[in-house]
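Each residue of the sequence shown is one higher than the one before, counting from 146 in our numbering.
All residues carry an ideal CB built from backbone N, CA and C; glycine is no exception.
Scroll down for the structure; my scribbles are underneath it.
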Amino acid sequence: MSEQLDSRLTKPLRKKDFDLYCLILVGAYQLQNTAIADHAAVTLTVEAARHLGKQWACGLVNAILRNPQALLEPSVEAQFEAPSWLIRSIQHHYPDAADNIFRTNITRAPMTLRVNQNRQPAMSFAQILLDQGIPTVPGELSNALTLVTPQAANTIPGYSKGWFTVQDEASQRVAHLLAPKPATRVLDACASPGIKALQLLEAHKDIHLTAIDVDVTRGFYGVSESRRLGLPFELREGDATLRNWWDGEMFDSILVDAPCTGTGTLRRKPDIKLHRSHEDMFDLQRKQRELLSNLWNMLASGGTLLYSTCSILPDENDSVIQHFLDQTTDASTVPIAADWGRATLFGRQCLPIEGGPDGFFYSRITKL
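Structure (structure tokens):
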């Protein structure tokens, strides 16, 4: 209510008039939540302003309370629990889907499992869970199962045996889209915490994977998970915008799951709404461009680079790819044919879906 009052005032009240500010809020509360007649509530509040010695404010109080709906209706920012810069951006880029995105972002995120089909077929595992009173819904990917009711991962049958990993289906698509060939060199350039690298190793045991990240402390989870899954995972410290970690041998496939605003995962990380700003997006965009420019020199001819983010903002997605292609003569995007998400100029955008996957962007680029 105070947000709406602030928006109705042409200029903020002075500190010494804070009592008047509180009085208007009390009047608005009476209109909304008590049996006092509207005209009586307005008159009493105006009289109270006069008793405070603020005759000058009687007209202001009367004008505000005569239109209580403007004061009582929550702002878009309050209703969808998001900063104005993000709301404006989403409304601009997705006018047909903005309201659904806002509503989805204040719902509970689903809990999806990536089933290790080397150990247990997904449908067999779904039956095992159902027999234990844990119903699931199959995803679009053959090894994705979403729990109807989320629960702690270590209480799910098969956890200690490495039968599954908790991973959103949008994140799972990354490894499917990269699809490295057998016995090839693969780089996961921004690997922490290691979930996608482990997925690549799980699905393609004979690849030669290098996983690096500028902050290896964030990879402790991946190292722990690799033991549970029985996979040979090692995370090396390395800044993918530099080359001092590289041995000089070309990679056949490169995954760039770039740092981003995370605007496709607000259900899981609501603090992003508080600590991310519009300016941050452009700082991250510069970082994303640097990553592509540097890593392209490490990709073999005929190789594939998959660029992904958990952002739904085109400034971090298509705009980054456009800039890269404008600067790079031997690069070409490969269309992603799918019945999920929406096609963009240079890739595919998945928007957050209530009860479904997070928001993610993917662009597949080949070296000519």
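Asked	Found
Meets three-Cβ-pair contact criterion under 8 Å: the segment 230-240 and the segment 192-199	no
Distance, His238 Cα to Val368 Cα	38 Å
Cβ-based burial, Trp390 [other Cβ within 10 Å; buried from 16]	exposed
For Asp333: DSSP bridge partner residues	Ala356 and Leu400
Distance, Ala194 Cα to Leu176 Cα	17 Å
Alpha-carbon to alpha-carbon, Ile510 and Asp397	12 Å
Per-residue burial, Tyr366 [other beta carbons within 10 Å of its own, 16 or more giving buried]	exposed
Counted within 10 angstroms of its Cβ, other Cβ atoms place Gly492 as buried (16 or more) or exposed	buried
Rounded separation between Val311 and Ala242 - CA only	28 Å
His321 and Leu286 closer than 8 Å at C-beta	yes
For Pro497 and Thr294, believed in contact at Cβ under 8 Å, the rounded distance	Actually they do not touch by this definition, with Cβ atoms about 20 Å apart.
Paired residues, beta bridge with Arg373 - DSSP	DSSP, once it has assigned bridges, lists no residue as partnering Arg373.
With 16 other Cβ atoms within 10 Å as the buried cut-off, status of Val465	buried
Straight-line Cα distance separating Met443 from Asp463	22 Å
Close Cβ partners of Phe225 (< 8 Å) along its chain, the five nearest in sequence each way excluded	Ile232, Phe247, Arg248, Asn250 and Ile251
Where the beta strand (DSSP E) containing Ser456 begins and where it ends	Premise fails: Ser456 is in no beta strand (DSSP E) and is neither H nor E.
Sub-8 Å separation of Val361 and Glu347 beta-carbons	no
Limits of the alpha helix (DSSP H) - the one that Thr190 falls within	Asp183 to His196
Within-8 Å CB hit, Gln472 to chain C	No chain C appears in the structure shown, which is made up of a single protein chain.
Alpha-carbon spacing of Ala223 relative to Ile273, whole angstroms	43 Å
Unbroken alpha helix (DSSP H) run spanning Ala315, endpoints	Glu314 to Leu323
Residue ranges of each beta strand (DSSP E) within the segment 237-302, 3 or longer	257-260, 281-283 and 289-292
Limits of the beta strand (DSSP E) - the one that Ala476 falls within	Ala476 to Val479
Reduced DSSP category for Tyr366 - H, G, I as helix; E, B as strand; rest coil	helix
Cβ-based neighbour list, Leu429, same chain, cut-off 7 Å, excluding 5 preceding and 5 following	Pro404, Cys405, Thr406 and Glu461
Test item: CB-CB of Pro338 and Arg363 under 8 Å	yes
Glu424: first and last residue of the uninterrupted alpha helix (DSSP H) it sits in	His423 to Leu440
Close-in-space but distant-in-sequence residues of the same chain around Ala336 (CB under 7 Å, 5 per side omitted)	Ala342, Ala356, Ile357, Asp358, Gly364 and Leu380
Any 3 or more C-beta pairs closer than 8 Å across the segment 468-478 and the segment 415-422	no
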